[in-house]
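As structure tokens, the structure follows; a few thoughts come after it.
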Amino acid sequence: MLQFSTLFLVGICCWLQFAYGLKIYFESFEQTHGEDWMWCDLRVRKFNRTSTVINGTIHVLRSNNNDLKFHVDLFYSRLGNQQYNYYPAKLPTAGVCDFITNLRQNYPSLAKLITNLPEKNECPISVRKIFEQTQGQNLLWCDLRVRKINRTTAVLNGTVHFLIPATNEYQLSIDLFHSPLGNQQFNHYPMKLPTSGACDFIDSIHENFPHYVYMFVNLPAKNECPASVREVYIRDECFPSDLLPPVMPPGLWKAWMRGWLNGTEVLSCYVVWKLLNW
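Have a look at this one:
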């Protein structure tokens, strides 16, 4: 719901600028509720000496239709001192599908500013995740999602279902992609990560990262091959940032993980994360 409220407010700002010649400066954006539905990872930043812009990613974590309604209340601080009074402007309540369709019909120039915006008449609006499996659910089903547990921390939660015994006949590869500006424009990152069999991959976790094995409840044991059918649980675990090499630059990252059997791709999923400078 917050995604569409955000778009609505951006539209109001653009309309005011065009209709009345007003100059709009974004001050801040904050999400206070609903991170399990949509996570608005947005921030306002100074673009130059006279302009501010809003930048970031809105993660739609559940499918939505017109049963989900939203409304917007406006508050006004005449002196700009954060002392707000309710402003009696009448803004109509709308279902999310109707709002997106209206946005594309009446404000196409604004719609172009939003990458991966749902299509006109798309209802229900599909999930747009930061972890997604795109192939191989009959072999390995990654029922995982990223959720916000507080204002500054996101965690991975869910279950990985091993639906068939895993052997080294299944080869796993990982490709990394980097978006320096965090705007979803990814370039392939030339970091060489070795391809390995499924059993060897699990063994390498036990051998090289023993301090993080606890993150995977019911992970197959070392040297267990084939790895038997099971469910592996990940329960609100943060990504261990010390696993990343220090040469990796900040920005938005995507890891594309693929599985191969006899040279044919049978499994595919990806995860997206943001790397910050501290």
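Under mature numbering (1 follows the signal peptide of the UniProt record, and there is no 0), the letters of the sequence shown match residues -21 to -1, 1 to 257, in that order. We put the beta carbon where it would ideally sit given N, CA and C, even for glycine.
Buried versus exposed, by CB contacts within 10 Å (16 or more), residue 128: exposed
The region 144 to 153 / the region 170 to 181 touching (three or more Cβ pairs under 8 Å): yes
Separation of residue 166 from residue 244, as counted between CA atoms: 22 Å
Neighbourhood of residue -1 by C-beta distance below 7 Å, restricted to the same chain and skipping five residues each side: Residue confidence for residue -1 is low, a pLDDT of 49 falling below 50, so the modelled location carries little weight and cannot support an answer.
Segment contact, 8 Å Cβ cut-off, at least three pairs: the region 90 to 101 with the region 52 to 72: no
Residue 89 in three-state terms, based on DSSP: helix
Burial state of residue 26 (16 or more Cβ within 10 Å): exposed
Among 149, 35, 140, 173, the one whose alpha carbon lies nearest that of residue 155: 173
Identity of the residue in 58, 150, 195, 75 nearest residue 48 by Cα: 75
Nearest candidate by alpha-carbon position, reference residue 56, set 6, 35, 36, 71: 6
Alpha carbon of residue 187 to alpha carbon of residue 73, nearest angstrom: 52 Å
Nearest candidate by alpha-carbon position, reference residue 152, set 240, 212, 59, 213: 240
Residue environment, residue 119, which counts as buried when at least 16 other CB atoms sit within 10 Å: buried
Where residue 50 sits in the DSSP three-state scheme: coil
Classification of residue 131 by the beta-carbon crowding that lies within 10 angstroms, buried from 16 upward: exposed
Simplified DSSP state of residue 149, which is helix, strand or coil: strand
Closest residue to residue 246 among 11, 29, 115, 215 (Cα-Cα distance): 115
Contacts around residue 105, its chain only, beta-carbon distance under 8 Å, and the 5 residues preceding and following it disregarded: 39, 42, 97
Residue range of the unbroken beta strand (DSSP E) whose run includes residue 133: 133 to 141
Buried/exposed call for residue 193, threshold 16 Cβ in 10 Å: exposed
Closest residue to residue 103 among 77, 248, 238, 32 (Cα-Cα distance): 77
Delimiting residues of the beta strand (DSSP E) encompassing residue 182: It is not in any beta strand (DSSP E) - residue 182 instead sits in the alpha helix (DSSP H) that spans 177 to 187.
Beta-bridge partners of residue 104, as assigned by DSSP: 43
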